[in-house]
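Visitor:
Protein chains: 2
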Amino acid sequence: MFDAAIIGTGPAGLSAAINLKMRGKEVIWFGSGDFSGKVEKSEKIGNYPGLGLVSGRELNEKFRAHAAQMGLEITDRIVTNISRLKDRYMLLANNEMYEARALLLATGVVPGRGFDGEKELVGMGVSYCATCDGMFYRGKTIAVFCGAKRYEPEVTYLAEMAAKVYLYAGYPGCEVEAPNVEQLKSPIRQVQGGMRLTGITLANGTEVPVDGLFCLRSAIAPTTLLPGLTLEGPHIVVDRHMATNLPGCFAAGDCTGAPYQIAKAVGEGNIAAHSILDYLAEQGREA
Amino acid sequence: MFDAAIIGTGPAGLSAAINLKMRGKEVIWFGSGDFSGKVEKSEKIGNYPGLGLVSGRELNEKFRAHAAQMGLEITDRIVTNISRLKDRYMLLANNEMYEARALLLATGVVPGRGFDGEKELVGMGVSYCATCDGMFYRGKTIAVFCGAKRYEPEVTYLAEMAAKVYLYAGYPGCEVEAPNVEQLKSPIRQVQGGMRLTGITLANGTEVPVDGLFCLRSAIAPTTLLPGLTLEGPHIVVDRHMATNLPGCFAAGDCTGAPYQIAKAVGEGNIAAHSILDYLAEQGREA
Numbered sequence: 001m002f003d004a005a006i007i008g009t010g011p012a013g014l015s016a017a018i019n020l021k022m023r024g025k026e027v028i029w030f031g032s033g034d035f036s037g038k039v040e041k042s043e044k045i046g047n048y049p050g051l052g053l054v055s056g057r058e059l060n061e062k063f064r065a066h067a068a069q070m071g072l073e074i075t076d077r078i079v080t081n082i083s084r085l086k087d088r089y090m091l092l093a094n095n096e097m098y099e100a101r102a103l104l105l106a107t108g109v110v111p112g113r114g115f116d117g118e119k120e121l122v123g124m125g126v127s128y129c130a131t132c133d134g135m136f137y138r139g140k141t142i143a144v145f146c147g148a149k150r151y152e153p154e155v156t157y158l159a160e161m162a163a164k165v166y167l168y169a170g171y172p173g174c175e176v177e178a179p180n181v182e183q184l185k186s187p188i189r190q191v192q193g194g195m196r197l198t199g200i201t202l203a204n205g206t207e208v209p210v211d212g213l214f215c216l217r218s219a220i221a222p223t224t225l226l227p228g229l230t231l232e233g234p235h236i237v238v239d240r241h242m243a244t245n246l247p248g249c250f251a252a253g254d255c256t257g258a259p260y261q262i263a264k265a266v267g268e269g270n271i272a273a274h275s276i277l278d279y280l281a282e283q284g285r286e287a
Numbered sequence: 001m002f003d004a005a006i007i008g009t010g011p012a013g014l015s016a017a018i019n020l021k022m023r024g025k026e027v028i029w030f031g032s033g034d035f036s037g038k039v040e041k042s043e044k045i046g047n048y049p050g051l052g053l054v055s056g057r058e059l060n061e062k063f064r065a066h067a068a069q070m071g072l073e074i075t076d077r078i079v080t081n082i083s084r085l086k087d088r089y090m091l092l093a094n095n096e097m098y099e100a101r102a103l104l105l106a107t108g109v110v111p112g113r114g115f116d117g118e119k120e121l122v123g124m125g126v127s128y129c130a131t132c133d134g135m136f137y138r139g140k141t142i143a144v145f146c147g148a149k150r151y152e153p154e155v156t157y158l159a160e161m162a163a164k165v166y167l168y169a170g171y172p173g174c175e176v177e178a179p180n181v182e183q184l185k186s187p188i189r190q191v192q193g194g195m196r197l198t199g200i201t202l203a204n205g206t207e208v209p210v211d212g213l214f215c216l217r218s219a220i221a222p223t224t225l226l227p228g229l230t231l232e233g234p235h236i237v238v239d240r241h242m243a244t245n246l247p248g249c250f251a252a253g254d255c256t257g258a259p260y261q262i263a264k265a266v267g268e269g270n271i272a273a274h275s276i277l278d279y280l281a282e283q284g285r286e287a
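Pasting the structure below:
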């Protein structure tokens, strides 16, 4: 049995894995060996303190190097189900069972079904995070898919940055109003571009040239993974110690809510690791 | 009036300053231009994701370089008092007043709550600022607690004013030399006085009558700085958005509690900056 299982190799998972390893814990760490695709595809990151202005690719490379330096190993398998027993969690990944005393969910916020051509242009004009990338579109023309009412403040923020916003809301009664926002009458169907996004095509065949596309969508519910987890919208509810409602289960990073930021994720991963250390120590005393 | 005032140039303050600057806010940032002394003195840091194993000095240098790259300016003055008006905070630093709509406390953790009896005599013999109050002790006898090497010029200044200075340095290798400066062999334990300070008591029980006590520390106890703030022990109580109990006042880093970690501090500084952006936007709508 492992001391802890970490799901997710983004900044939150990495931060937790480093700290647990340094403290001599036996950890199994599930996720992509490429680390965070969201980090990798970020054009520019300027707000991770200590690194100045870096590309997402550079930062992800530094993350991978740090993990390698620490001797951290990644189990590149997809956890599809978790069940909680009295004193442990059972994780099912690629038809194998793993046991761990404590669990950290650092699963990120996963965009749902995408538009045709969207996936290919992530980081090259397609973004999932207004507060992360909005500033790079100052004075430009962008399209925004707003998947839920809770993203309307992000649309307003983008409208403050961009010269022109073509907005399609995936729900009725969208209330974003700004002189430079034009609501599209037809849904976005396809994303155009080669090396970089050049425009979008609507369901009615209209082509709209834009410099960027923001897809603001909800996440896949983590309760699919672990029934019984308390959510608020798409996010896992945690306290200041990153504890969820389930004993021994912690969460960190984008899956706990906005701001979707690398610095926030590493901070939460660090806190979660320390909470797991406390939890394991307490379990040890009770046993 | 500034959009925000940040107190503290450690990792939390830096993280917040970067984000607010990127979003075009007018920020005044108080603290030491040397950044965090605590980071600087760390021998090795292995759990700041992306940097591998670095010395505290190296990491602090990276922090300074990042701030310089962003064009962030530091106001190297010591904030000694803050008052809250309806829609703003008034900060007193080196006898000058500054106004800001929002406030971030990133002041680090104060070891204990100062000396016994210190808080009760602030402004009645206890001072935190040599250049502010030194002139009132011309020809008098004072005690000085010097918490860090960077305050030594202030001690020298006080020695030029006062007839006699009893000095206790909270670090090895204090190099203040003046004929009227006597280094105490035992730490200061207690502050004596009723309506006004009359003397200090050392840990070894010695009583030293003085007219004033200067406490030169990088961190001032939060409630001394800003009355009305809710604390839990020595820590400022915050919610998941880093909001304190006072509207428009946020806190981040070690001052909000353990774990005392750089990654946690940058994460909280990031969250606080985003909360300040939300707060300013809301204030703008109400105005």
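Going down the list, the sequences are from chains H and L. Just so you know, the first sequence maps onto residues 1 to 287 in this note's numbering. Just so you know, the second sequence maps onto residues 1 to 287 in this note's numbering. Built from N, CA and C at the ideal position, the CB exists for glycine as well.
Tell whether a beta-carbon distance below 7 Å holds between H:T107 and H:C255.
Guide: yes
Visitor: Using C-beta distances below 6 Å, list every residue in its chain close to H:A203, excluding the 5 sequence neighbours before and after it, in chain order.
Guide: Cβ within range, chain order: S186, P187, R189.
Visitor: Cutting at 7 Å between CB atoms, please list the residues of its own chain near H:L184, excluding the five before and the five after it.
Guide: Y166, L167, Y168, L202
Visitor: Under 8 Å, CB to CB, which of the residues in the region 46 to 68 of chain H have a partner in chain L?
Guide: G46, N47, Y48, P49, G50, L51, G52, L53, L59, K62, F63, A65, H66
Visitor: Can you tell me where the alpha helix (DSSP H) with H:E182 in it begins and where it stops?
Guide: Element bounds for H:E182: not the alpha helix (DSSP H) but the beta strand (DSSP E), 181 to 183.
Visitor: For H:S32, which residues in the same chain have their Cβ closer than 7 Å to its Cβ, ignoring the five residues on either side in sequence?
Guide: T9, D76
Visitor: One question on the structure: do L:L216 and L:E118 come within less than 7 Å of each other, judged by their Cβ atoms?
Guide: no
Visitor: With distances taken Cα to Cα, identify the nearest neighbour of H:A4 among H:T156, H:L229, H:R240, H:C249.
Guide: H:C249
Visitor: So, is the C-beta of H:A159 closer than 7 Å to a C-beta in chain L?
Guide: Cβ-Cβ to chain L under 7 Å: no for H:A159.
Visitor: Among residues of its own chain, excluding the 5 on either side of L:G170, which ones have a beta-carbon nearer than 6 Å to its beta-carbon?
Guide: G147
Visitor: Which runs of the beta strand (DSSP E) at least 3 residues long sit entirely within the region 127 to 173 of chain H? Give them in chain order.
Guide: 141 to 146, 164 to 169
Visitor: Using only CA atoms, which one of H:G56, H:R88, H:R196, H:A159 lies nearest to H:P179?
Guide: Looking at the Cα atoms, H:A159 is the closest of the given residues.
Visitor: Thinking C-alpha only, which one of H:I262, H:Y260, H:G269 is nearest L:Q261?
Guide: H:G269
Visitor: Taking the C-alpha atoms as reference points, what is the distance between H:G123 and H:N245?
Guide: 35 Å
Visitor: Could you list which residues in chain L have their beta carbon closer than 8 Å to that of H:N270, in chain order?
Guide: N47, P259, Q261, A263, K264, G267
Visitor: In this structure, what does DSSP give as the bridge partners for H:G193?
Guide: H:L197
Visitor: Is H:G56 near H:I45, with beta carbons less than 7 Å apart?
Guide: yes
Visitor: What residues from chain H crowd round L:I18, counting only those whose CB sits closer than 8 Å?
Guide: G46, N47, P49
Visitor: Give the straight-line distance between the Cα atoms of L:F63 and L:N19, rounded to the nearest whole angstrom.
Guide: Distance between the alpha carbons of L:F63 and L:N19 is about 14 Å.
Visitor: Please list, in chain order, all residues of the same chain as H:V191 whose beta carbon is under 7 Å from its beta carbon, the five residues on each side excluded.
Guide: Once the five neighbours on either side are set aside, the close Cβ partners of H:V191 are F115, D116, G117, E118, L121, V126, L197, I200, L213.
Visitor: Taking L:L280 as the reference, which of L:G24, L:A67, L:M70 has the closest Cα?
Guide: When L:G24, L:A67, L:M70 are compared, the shortest CA-CA separation from L:L280 is found for L:G24.
Visitor: Under a Cβ-count criterion, where at least 16 other Cβ atoms within 10 Å of its own Cβ denotes burial, should H:C36 be classed as buried or exposed?
Guide: According to the sequence provided, residue 36 of chain H is Ser. The question's Cys does not apply to it. Buried, by the Cβ-count rule.
Visitor: Measure the CB-CB distance between H:V238 and H:S15 and report whether it falls below 7 Å.
Guide: Taking C-beta atoms as the reference points, H:V238 and H:S15 fail to come closer than 7 Å.
Visitor: Beta-carbon separation of L:I7 and L:L105 under 7 Å?
Guide: Result yes, Cβ atoms of L:I7 and L:L105 sit closer than 7 Å.
Visitor: Taking Cβ positions, are L:R88 and L:E96 nearer each other than 7 Å?
Guide: no
Visitor: Based on DSSP bridge pairs, tell me the residues matched to L:A243.
Guide: L:F250
Visitor: Starting from the C-beta of H:V208, find all residues in its chain whose C-beta is less than 8 Å away, skip the five residues before and the five after it, and write them out in chain order.
Guide: A143, Y166, L184, G199, I200, T201, L202
Visitor: Between which residues of its own chain and L:G50 is the CB-CB distance below 7 Å, once the five residues before and five after are set aside?
Guide: none
Visitor: Is there a Cβ from chain L that is less than 7 Å from the Cβ of H:L105?
Guide: no
Visitor: How would you label L:A163, buried or exposed, when you count the other beta carbons within 10 angstroms and need 16 or more for buried?
Guide: So L:A163 ends up on the exposed side.
Visitor: Less than 6 Å between C-beta atoms, sequence neighbours within five positions excluded: which residues of the same chain meet that for L:V54?
Guide: I45
Visitor: Please name the residue, chosen from L:R150, L:G13, L:G193, L:H241, that lies closest to L:G173 on a Cα-to-Cα basis.
Guide: Comparing Cα positions, the closest option is L:R150.
Visitor: Name the chain L residues whose beta carbon is nearer than 8 Å to that of H:P222?
Guide: Ordered by position in chain L, no residue passes the 8 Å Cβ test against H:P222, which lies about 17 Å from the chain.
Visitor: Given a cut-off of 7 Å, decide if H:A258 and H:A272 are closer than it, judged by their beta-carbon atoms.
Guide: No.
Visitor: What does a CB cutoff of less than 8 Å around L:E182 pick up in its chain, not counting 5 residues either side in sequence?
Guide: K164, V165, Y166, L167
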